[in-house]
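Input: a single structure, listed below in structure tokens.
In the numbering used here, the protein residues as written are 5 to 254.
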């Protein structure tokens with residue numbers, strides 16, 4: 005899950021030809037492929053820019069500067085090293101599309117954070133990203149190893165933004181709520197309670213109430229006080245199979 009309030013709605017309200025990506029700067033993030041995408045976009049329209057934010061890891065800010073310089077993109081790329089949440093939020097306000105060329109993600113936290121900010125996304129075609137796009141419809145998958153493909157997909161998404169920016173921004177924000185901590189926390193608790201046998205369940209078509217001893221006594225006492233006739237059976241395997249197989253017992 006993520007904290008959707010951190011960057012919620014921060015994306016530019018007007019379509020801007022500025023891409024943004026944030027991550028740890030590792031080789032599997034394929035930031036060079038993102039720079040190649042920008043290079044192709046600028047061949048058609050020199051207004052395109054890119055913000056690269058994140059923390060050094062296998063790559064340093066100097067390494068990224070070198071990659072940018074080699075492609076002649078110095079004037080078009082802004083590198084923000086170790087941004088605070090406030091600094092990253094400010095950068096997001098100047099962007100309209102989030103991109104990630106990552107070769108591996110366990111979940112895709114940055115992409116979901118981007119959606120919460122109202123940024124449609126262009127993501128590499130990997131399992132985690134396929135799941136996010138299928139669940140959210142808030143962006144596109146692209147082959148970043150082919151910069152012509154990723155550039156075409158990004159340009160297409162931007163054209164859609166120009167036509168219906170409010171709708172796409174709102175969709176991204178709305179879909180991100182599926183992964184906010186309150187939602188994920190509730191789902192996790194439900195899973196734990198179910199695994200621990202603490203929630204009502206239906207076994208072999210029979211409703212079973214999981215009650216601890218004290219709670220069961222309280223429930224039975226209350227029914228006695230109300231004069232309510234109650235049949236009690238312990239839901240062990242024999243009882244459940246007998247009830248399931250016998251209409252008379254049911």
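Note that beta-carbon positions come from the ideal geometry of N, C-alpha and C, so glycine has one too.
Quick check: what's the CA-CA separation for residue i versus residue j?
i	j	result
residue 80	residue 39	10 angstroms
residue 227	residue 234	7 angstroms
residue 37	residue 207	52 angstroms
residue 53	residue 113	23 angstroms
residue 30	residue 92	19 angstroms
residue 44	residue 204	57 angstroms
residue 48	residue 149	19 angstroms
residue 118	residue 156	21 angstroms
residue 19	residue 88	24 angstroms
residue 111	residue 32	15 angstroms
residue 216	residue 242	20 angstroms
residue 154	residue 249	59 angstroms
residue 236	residue 219	14 angstroms
Along the chain, where does the alpha helix (DSSP H) containing residue i start, and where does it finish?
i	result
residue 36	35 to 48
residue 140	131 to 140
residue 229	217 to 229
residue 68	65 to 74
Assuming residue i is part of the beta strand (DSSP E), what are its boundary residues?
i	result
residue 3	The structure shown has nothing for residue 3, since the chain only spans 5 to 254.
residue 146	143 to 146
residue 306	The shown model of the chain, from 5 to 254, leaves out residue 306, and the question about it has no answer.
residue 28	22 to 29
residue 54	53 to 60
For residue i, count the other beta carbons within 10 Å of its own beta carbon; 16 or more makes it buried, fewer makes it exposed. Which is it?
i	result
residue 141	exposed
residue 90	exposed
residue 62	exposed
residue 25	buried
residue 58	buried
residue 108	exposed
residue 105	buried
residue 9	exposed
What do you reckon, is the C-beta of residue i under 6 angstroms from a heavy atom of the ligand SAM?
i	result
residue 154	As for the ligand SAM, it is missing from this structure, which has no ligand bound.
Q) Would you say the segment 9 to 18 touches the segment 95 to 106, given that touching needs at least three Cβ pairs under 8 angstroms? A) yes
(Q) Is it the case that the segment 100 to 107 contacts the segment 81 to 90, given that we only count it when at least three CB pairs across the two stretches are under 8 angstroms? (A) no
Q.
Whether or not the segment 116 to 126 and the segment 143 to 151 are in contact is what I'm after, with contact meaning three or more pairs of Cβ atoms, one per stretch, closer than 8 angstroms; do they touch?
A. yes
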